[in-house]
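The working numbering puts the first residue of the sequence shown at 303, with every later residue one more than the last.
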Amino acid sequence: MKFFIDTANLDQIREAQDLGVLDGVTTNPSLMAKEGISGVDRVLKHYVDICEIVKNGDVSAEVIATDYAGIIKEGENLAALHPNIVVKVPMIKDGIKAIRYFSDNGIKTNCTLVFSAGQALLAAKAGATYVSPFVGRLDDISTDGIQLIEQIRLIYDNYAYDTQILAASVRHPMHIMKCAEIGADVMTGPLSAIMALLKHPLTDSGLAQFLADHKKASEQQ
Ligand code: G3P
């Protein structure tokens with residue numbers, strides 16, 4: 303399973319990249335705003351900065367336009383920034399039409415704000431490179447986000463769709479592990495969820511014991 307980090311924070315992207323397990327980055331307008339990035343030129347430069355840190359991984363850059371012509375114009379500008387840019391398009395009627403256009407013209411897409419299997423099926427039929435079901439936001443409204451990943455996996459496997467399931471709105475390590483069991487192609491979440499995979503109390507106590515035994519043995523020599 304590929305690990306993407308869901309942030310526009312360059313320090314966190316660098317930290318994940320340094321760990322050697324980063325396969326890509328997803329952003330959205332809220333995450334860009336959180337970093338104080340605004341204005342077309344600054345936003346575009348920020349995407350290039352992210353691509354340069356990640357080097358070989360896909361970087362999702364979301365369009366703001368919601369009409370077909372606007373999405374195409376913005377998406378083509380974003381795609382021209384760097385070969386690793388994936389144009390992130392919302393799951394709306396004009397978005398689906400735009401995904402078909404981008405797919406026919408060799409531009410990678412990520413269909414975002416997906417909350418049902420029917421939406422995911424439509425995104426695949428339009429030729430989306432990635433589909434982003436929001437696991438955590440479904441859990442937030444007492445609906446099983448992980449179950450949606452299972453449903454989409456089954457449907458995509460039934461028809462051998464190439465669209466990759468990018469489990470988004472992942473919040474914690476259990477989401478990551480459940481997505482891996484189901485066979486999501488990618489997960490995107492915060493650095494904290496990735497780092498939490500490191501943790502186990504028996505690892506900490508075991509290491510402390512190994513080091514203490516080594517120190518005792520060294521002092522006895
Ligand atoms: O990738 C989608 C993501 O940014 C949404 O995450 O935690 O705001 O629901 P969250």
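Note that CB positions come from ideal geometry on N, CA and C, so glycine has one too.
What are the boundary residues of the beta strand (DSSP E) that residue i is part of?
i       : result
Asn-412 : 411–416
Asp-308 : 304–308
Ala-469 : 466–469
Glu-317 : Run containing Glu-317: none in the beta strand (DSSP E); it sits in the alpha helix (DSSP H), 312–321.
Ala-382 : Ala-382 -> no beta strand (DSSP E), and no H or E assigned at all.
Ala-363 : 360–364
Gly-326 : 326–328
Met-489 : 488–491
Ile-387 : 387–392
Would you kindly check if the distance between the Cβ of residue j and the Cβ of residue i is under 9 angstroms?
i       : j       : result
Ala-318 : Leu-468 : no
Gly-508 : Ser-471 : no
Thr-329 : Asp-308 : yes
Phe-305 : Asp-325 : yes
Met-303 : Asp-459 : no
Thr-414 : Pro-392 : yes
Ala-381 : Ile-387 : yes
Leu-450 : Ala-419 : yes
Ala-422 : Ile-454 : yes
Ala-367 : Lys-375 : yes
Glu-337 : Ala-310 : yes
Leu-500 : Ile-478 : no
Ala-514 : Asp-464 : no
Ile-315 : Val-365 : no
Gly-377 : Val-361 : no
Glu-521 : Ile-484 : no
Could you give the residue range of the alpha helix (DSSP H) that holds residue i?
i       : result
Glu-521 : 503–522
Val-356 : 342–356
Gly-338 : Premise fails: Gly-338 is in no alpha helix (DSSP H) and is neither H nor E.
Pro-475 : 475–484
Gly-408 : Taken as a continuous stretch (DSSP letters only), Gly-408 belongs to no alpha helix (DSSP H), as it is neither H nor E.
Report buried or exposed for residue i, applying the criterion of at least 16 other Cβ atoms within 10 angstroms of its Cβ.
i       : result
Val-249 : With the chain covering 303 to 523 only, the question about residue 249 has no answer from this structure.
Met-489 : buried
Ala-430 : buried
Thr-411 : buried
Val-416 : buried
- Query: Three or more C-beta pairs closer than 8 angstroms, one from the region 340–351 and one from the region 395–405: is that the case here?
  - Reply: Result no; under three Cβ-Cβ pairs closer than 8 angstroms.
- Message: At 4 residues or longer, what runs of the alpha helix (DSSP H) sit wholly inside the region 425–450?
- Response: Listed in chain order, they are 437–442.
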